[in-house]
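Have a look at the structure below, then the notes.
2 protein chains.
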Amino acid sequence: MSEGDPNGQTVPGERSPGFGYVTPSNVAMLVDLYELAMADSYLRNGMNGRATFALFVRSLPPNRAFLVSAGIDTALACLETLRFEDEAIRYLRGLRLFSEQFLEYLRGFRFTGDARAIPEGEVFFPPEPLLEISAPRIEAQIVETLLLNTLNFQVMVASKAARAVLAARGRGVVDFSPRRDHGADAALKAARAAYIAGCTGTSNVLAGMLYGIPVVGTMAHSYIMSFSDELEAFRAFARDFPTNAVLLIDTYDTMQGVANAITVGREMASAGARLRGVRIDSGDLTAQSRAVRAALDAAGMREAQIFLSGDLNEYRIAEMLAQGAAADAFGVGTELGTSADAPSVGGVYKLVEDEKGYRVKLSTGKATLPGRKQVWRSTDPNGQPSGDLIALHDEPGPPGSIPLLVHVMKAGVRLLSDPLCEIRGRCTERLASLPEELCRLEDAVAYHVALSPGLAALRERMRS
Amino acid sequence: MSEGDPNGQTVPGERSPGFGYVTPSNVAMLVDLYELAMADSYLRNGMNGRATFALFVRSLPPNRAFLVSAGIDTALACLETLRFEDEAIRYLRGLRLFSEQFLEYLRGFRFTGDARAIPEGEVFFPPEPLLEISAPRIEAQIVETLLLNTLNFQVMVASKAARAVLAARGRGVVDFSPRRDHGADAALKAARAAYIAGCTGTSNVLAGMLYGIPVVGTMAHSYIMSFSDELEAFRAFARDFPTNAVLLIDTYDTMQGVANAITVGREMASAGARLRGVRIDSGDLTAQSRAVRAALDAAGMREAQIFLSGDLNEYRIAEMLAQGAAADAFGVGTELGTSADAPSVGGVYKLVEDEKGYRVKLSTGKATLPGRKQVWRSTDPNGQPSGDLIALHDEPGPPGSIPLLVHVMKAGVRLLSDPLCEIRGRCTERLASLPEELCRLEDAVAYHVALSPGLAALRERMRS
Chain A
43 MSEGDPNGQT
53 VPGERSPGFG
63 YVTPSNVAML
73 VDLYELAMAD
83 SYLRNGMNGR
93 ATFALFVRSL
103 PPNRAFLVSA
113 GIDTALACLE
123 TLRFEDEAIR
133 YLRGLRLFSE
143 QFLEYLRGFR
153 FTGDARAIPE
163 GEVFFPPEPL
173 LEISAPRIEA
183 QIVETLLLNT
193 LNFQVMVASK
203 AARAVLAARG
213 RGVVDFSPRR
223 DHGADAALKA
233 ARAAYIAGCT
243 GTSNVLAGML
253 YGIPVVGTMA
263 HSYIMSFSDE
273 LEAFRAFARD
283 FPTNAVLLID
293 TYDTMQGVAN
303 AITVGREMAS
313 AGARLRGVRI
323 DSGDLTAQSR
333 AVRAALDAAG
343 MREAQIFLSG
353 DLNEYRIAEM
363 LAQGAAADAF
373 GVGTELGTSA
383 DAPSVGGVYK
393 LVEDEKGYRV
403 KLSTGKATLP
413 GRKQVWRSTD
423 PNGQPSGDLI
433 ALHDEPGPPG
443 SIPLLVHVMK
453 AGVRLLSDPL
463 CEIRGRCTER
473 LASLPEELCR
483 LEDAVAYHVA
493 LSPGLAALRE
503 RMRS
Chain B
43 MSEGDPNGQT
53 VPGERSPGFG
63 YVTPSNVAML
73 VDLYELAMAD
83 SYLRNGMNGR
93 ATFALFVRSL
103 PPNRAFLVSA
113 GIDTALACLE
123 TLRFEDEAIR
133 YLRGLRLFSE
143 QFLEYLRGFR
153 FTGDARAIPE
163 GEVFFPPEPL
173 LEISAPRIEA
183 QIVETLLLNT
193 LNFQVMVASK
203 AARAVLAARG
213 RGVVDFSPRR
223 DHGADAALKA
233 ARAAYIAGCT
243 GTSNVLAGML
253 YGIPVVGTMA
263 HSYIMSFSDE
273 LEAFRAFARD
283 FPTNAVLLID
293 TYDTMQGVAN
303 AITVGREMAS
313 AGARLRGVRI
323 DSGDLTAQSR
333 AVRAALDAAG
343 MREAQIFLSG
353 DLNEYRIAEM
363 LAQGAAADAF
373 GVGTELGTSA
383 DAPSVGGVYK
393 LVEDEKGYRV
403 KLSTGKATLP
413 GRKQVWRSTD
423 PNGQPSGDLI
433 ALHDEPGPPG
443 SIPLLVHVMK
453 AGVRLLSDPL
463 CEIRGRCTER
473 LASLPEELCR
483 LEDAVAYHVA
493 LSPGLAALRE
503 RMRS
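Protein sequences, first through last, are from chains A and B.
The first sequence begins at 43 in our numbering and counts up by one.
The second sequence begins at 43 in our numbering and counts up by one.
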């Protein structure tokens, strides 16, 4: 679907371009205009030596004690095939800003750089470099917007989802966010990031198809209301989905609802099927879930699960469980997909080294650390992370510590593309290894991140 | 780029599917699983009569006094071409949930419904129907997730951006949000929604290409730092962009920066070009902008503009202008694209009428209004909106009032596809017509929205 203007004109409103899809053919244009302006100027001034940019987060978002790496592979997959197609070149020419030399450069553009990153699913902390890009300066410059757009978002969702997963203490957490996510791509990538962080599935069928994430769903109140009564609706659904029936029991009255679900569950059992569970979406979820659990148990349906949903977040989940809610899984929507209490992660992308040597920005509050780096993580005898050291890339780490940054792209080709289940496994392992004081939803203790002697000395040298 | 699994398997992590693009071929799968489960059940139970669903917002998000319609045309453009392709059918079959009859139905799926909507750019209020879909029940059900995903987001951004535009009192506001937007589609649609609300442009080149929105950009601190000194950097940029040079002057020292900009501006003038302006991105923007304005004026450069950016939002803009900041335009990023103080709009999509008649949901706090509707807006003698009346679609409105909902789609084809500049013009007009007490950033007065006698009576009848 081409939606561009063949004449490269930019007069607003001349046409109605439809939905507006971001595709492999146009995603290179998801770039802040100034990146292209600077790139053109670098080209004209012969400034295209190799440079390294670091992508890092300056400080933790509100209520967060750690961040979860996510989005690396999607971002790099995008770089692998980044092209400026004819339509893009025509449009850019029509802006009358750029040199023909630069437009010609863009026509042949390929990303040929190297990348090192903290693997997806790993826990990390400001101001550790999440990603380092080493490439000809123009290439490295042009991909800034796309990298930040992808990583800021997926890190945000994974870090939020990890909190819900921790709060659920082993119970399932399902991504129910598509209708409140910020557009189509957000819905897709939120499901991915949430799954990395340990969510058990998503309601988003597209994420199931593209990423192989388990898809989960029950029914809406409107389904129940479309039948003449609740029992009839339950019977129809159980007949149509004998292996997967999760019945929504709060449309009219939850206790009558569970009674109807038990009736249908018995009918299913006598036909050789089994009621999978029930969902409660409104009201006092804690009290209702306990009463429903008791009713199901009394009916001999101990295996029927209880799903809770409705404006949930990590705080509500923790509170309900502390009060003894009976839940097997939680559906979390808006709060998870928009990270409602911290709806952005402030990742930045800064020049740290070029052909002239180390580079640094010194402004108060916006300082950067020079050079390519490595992050070394130490663990205590129990295997709990006890502190990270940010060092220059060629400095040795402390004895027994583990380096976090690994090579993920060489000359524009991904080296490493872990299956999503492995990434998720890594995250589950890391979250389990975190000290309790880091996992608290509130008043978490700050994790210890230090600079290596070499890096600290270099920074001091560059300051003076 | 096909990223699906030809075997329709859903085991997570078997493959690395790359970036994950939402395309015209797979966007139909951006659907919550339960929509498809319910649809299958409706099909098997012969429940596919014509139904009407209303999309509306139950209550205003925090800090909002009105909402701006946005996203209608993008959503409907998507419905026009919605298809379930072979890859999707294969994947769904692999889930072993759905009937072959339903998969066959999906293979031939076309959206054939009608839609009425409050036009984009118009101001509206809860619980007015923003969109009404009338279609065979299964079609109307299947598009719920996609409609909510699209409209909740664009309404959110347009409503946030309108506040920044009002706060700027005629000065420009530019969307600088791509690096903090929630993914690729969010960046594209945020630019569109912000432009509708009156923003003057975007930094997002893709939004420029696809929607014809004016693109804006200057340079980054890293550009300045890539030259041996600031003056050299300014000279290079001015030489490369003689008609569009906006120089970033706060990398080292803002007053020295403006002195360098003036030097370069004079050199440009003697070469027949003209310095377009300067940008300040950090520090005390109010004080600096006044000093910079004075320096530019003293140098005879009254036409050189001042752009301000750096963690701005509507409150900061209003505060700076109240304190006498000298600004021609503001770049607003994170706060605009993520609507940081209210990062979601709680639009819902509810059945209001079907072949059996009016339908209603009665639960406390989640009640819906039955039937197809019209919203009538009254204005006072000054042309200011004075109150809205939500009525049944065939009730007459109050004398002199104007109906807001118009037909936008007939039998699956868009009727109306206003150019973006017209939509933006409508929004500008409406914002200008709003009473002052509705435009306040804080403590705005609630707008009067009432139910018609016919609608109120119908609701009472259905309650009892």
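Cβ atoms here follow ideal geometry from the backbone N, Cα and C, with glycine treated the same way.
This structure is a prediction, so every number in the text was calculated from the model and none was measured.
Give the C-beta separation of residue i and residue j to the nearest angstrom, bearing in mind that I take them to be a contact with Cβ-Cβ under 8 Å.
i: B/V207; j: B/G113; result: The Cβ separation is near 18 Å, so there is no contact.
i: B/H38; j: B/R158; result: No answer is possible for residue 38 of chain B: it lies beyond the span of chain B, which begins at 43 and ends at 506.
i: A/V491; j: A/D430; result: 5 Å
i: A/D74; j: B/P220; result: 6 Å
i: B/K392; j: B/T380; result: About 27 Å separates the two Cβ atoms, so there is no contact after all.
i: A/D156; j: A/A453; result: 7 Å
i: B/N194; j: A/R222; result: 6 Å
i: B/E162; j: B/A96; result: Contact flag wrong, Cβ pair sits at about 18 Å.
i: B/G319; j: B/D370; result: 7 Å
i: B/A209; j: B/L483; result: 6 Å
How far does the beta strand (DSSP E) with residue i in it extend, from its first residue to its last?
i: A/Y391; result: 389–396
i: A/S428; result: 427–434
i: B/I180; result: That residue, B/I180, is in no beta strand (DSSP E); its alpha helix (DSSP H) goes 179–184.
i: B/R419; result: 415–421
i: B/A159; result: 156–159
i: B/I291; result: Element bounds for B/I291: n/a, residue is neither H nor E.
i: B/M321; result: Here residue 321 of chain B turns out to be Arg, not Met, going by the sequence shown. Note, B/R321: beta strand (DSSP E), 319–322.
Can you look up residue i in the DSSP assignment and give me helix, strand or coil?
i: A/D227; result: helix
i: B/D282; result: helix
i: A/K202; result: helix
i: A/M451; result: strand
i: B/G366; result: coil
i: A/A329; result: helix
i: A/F166; result: strand
i: A/R344; result: coil
i: B/E484; result: coil
i: A/T192; result: helix
i: B/G399; result: strand
i: A/E45; result: Low local confidence applies: a pLDDT of 31 at A/E45 is under 50, so the model's placement there is unreliable, and no value is given.
i: B/A409; result: coil
i: A/I359; result: helix
i: B/E437; result: coil
i: B/F153; result: coil
i: A/L338; result: helix
Taking the beta carbon of residue i as the centre, do at least 16 other beta carbons fall within 10 Å, making it buried, or is it exposed?
i: B/H224; result: buried
i: A/R152; result: exposed
i: B/S307; result: Reading the sequence as shown, one finds Gly at residue 307 of chain B and not Ser. Burial call: buried.
i: B/D436; result: exposed
i: B/S101; result: exposed
i: A/I266; result: buried
i: B/R419; result: buried
i: B/V99; result: buried
i: B/K231; result: buried
Since residue i is in the alpha helix (DSSP H), which residue starts that stretch and which ends it?
i: A/I304; result: 296–312
i: A/D115; result: 114–122
i: A/E471; result: 462–475
i: B/T380; result: 376–380
i: A/G60; result: Unbroken run through A/G60: none, as it is neither H nor E.
i: B/L134; result: 128–136
i: A/A499; result: 495–505
i: A/L561; result: What the structure shows of chain A is the stretch from 43 to 506, and residue 561 of chain A is not part of that stretch, so it cannot be assessed.
Hey, does residue i have any beta-carbon neighbour from chain E nearer than 9 Å?
i: B/N302; result: This model lacks chain E altogether; the protein chains it does include are A and B.
Item to complete: Could I get the ranges of all uninterrupted alpha helix (DSSP H) runs contained in the stretch 68–100 of chain B, with 4 residues as the minimum, in chain order?
Response: 75–86
Worksheet entry | Residue ranges of each alpha helix (DSSP H) within the stretch 203–270 of chain A, 4 or longer | 226–238, 247–253, 263–267
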